[in-house]
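Participant: In the working numbering, the protein residues as written are 2 to 180. C-beta atoms are modelled at their ideal positions from N, C-alpha and C, and glycine is treated no differently. Attaching a single structure in structure tokens format; questions to follow.
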Amino acid sequence: MTVTQQAFKQSLAQFASGVTVVTTMHAGHRQGLTVSAFNSVSLSPPLVSICVDCKLDVHAAICASGVFAVNLLAQQQLEYGMRFAGMVAGLTDRFEGIDTLTAISGSPLLPNTLAWLDCRVWQVYAGGDHSIIVGEVLATECGAGLAPLIYHNRNWGRIAAIDAGKAAPPRSPGAATEN
């Protein structure tokens, strides 16, 4: 059975994810990209992974500089998510008008995020048309009490708390359903 790209993308779109902007600095130029393919890998040493399209300039910049930062976006930062995804027409410098901070590695940090992680490239693995870039976390900081920006089914959103005390008990396997 062959999986079409359309079917594959549609299935993956069903997975809700937080939104990050991955940034780096190389040869005096800031680069950034919206990334939802971000994961923790290890606690000791502290490692995270990102997946980046091999054809992108930011991929080359991360590999050449050996550093990157992961900025976890708050729900109020939809504009950052769209801007770094290339969804803002006519914008040539994705950092335009943003007062960034500079991480220990030299990577730009976006202001007022949920958290940021400053990383040194630990390993790069081939993953089809993307690279799986594992970074060792050099420094990190959390923001105060912000809610995350979420991406699901090609839409931006936010989480809503569920009262677990009011949830129906799980059904046992094979239980009859009501029509």
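Would you mind stating whether residue 1 and residue 5 have Cβ atoms separated by less than 7 Å?
Facilitator: A query on residue 1 cannot be resolved here, the shown segment of the chain reaching from 2 to 180 and no further.
Participant: What residue does the beta strand (DSSP E) around residue 104 start on, and which one ends it?
Facilitator: Within the sequence shown, residue 104 is the residue found at index 103, counting from 1. Looking at the DSSP string, residue 104 is not in any beta strand (DSSP E), and its letter there is neither H nor E.
Participant: Residue 68 and residue 122 look like a contact to me (Cβ under 8 Å); what is the Cβ gap, rounded to whole Å?
Facilitator: Within the sequence shown, numbered from 1, the residue matching residue 68 stands at position 67. Within the sequence shown, numbered from 1, the residue matching residue 122 stands at position 121. Between the beta-carbon of residue 68 and that of residue 122 there is about 7 Å, and that keeps the pair under the 8 Å contact cut.
Participant: In three-state terms, what does DSSP make of residue 76?
Facilitator: Residue numbering aside, residue 76 sits at position 75 when the sequence shown is read from its first letter. It is helical.
Participant: Comparing alpha-carbon positions, which option in 7, 126 and 154 lies nearest residue 134?
Facilitator: The residue you call residue 134 lines up with position 133 of the sequence shown. Looking at the Cα atoms, 126 is the closest of the given residues.
Participant: Do the region 44–60 and the region 142–161 touch if we need at least three Cβ pairs shorter than 8 Å?
Facilitator: no
Participant: Could you compute how far the alpha carbon of residue 89 sits from the alpha carbon of residue 173?
Facilitator: Counted from its first residue, the sequence shown places residue 89 at position 88. Counted from its first residue, the sequence shown places residue 173 at position 172. In a straight line, the C-alpha of residue 89 is about 48 Å away from that of residue 173.
Participant: CA-CA distance, residue 132 and residue 166?
Facilitator: Position 131 of the sequence shown, counted from the start, is the residue given in the question as residue 132. Position 165 of the sequence shown, counted from the start, is the residue given in the question as residue 166. If I take the Cα positions, the gap works out to 42 Å.
Participant: How would you label residue 12, buried or exposed, when you count the other beta carbons within 10 angstroms and need 16 or more for buried?
Facilitator: Translated into positions along the sequence shown, residue 12 becomes position 11. Per the 10 Å Cβ criterion, exposed.
Participant: Measure the beta-carbon distance from residue 20 to residue 160 and round it to whole angstroms, keeping in mind my assumption that it falls under 8 Å.
Facilitator: In the sequence shown, residue 20 corresponds to position 19, counting from 1. In the sequence shown, residue 160 corresponds to position 159, counting from 1. Between residue 160 and residue 20 the Cβ distance is about 12 Å, and since that is not below 8 Å, they are no contact.
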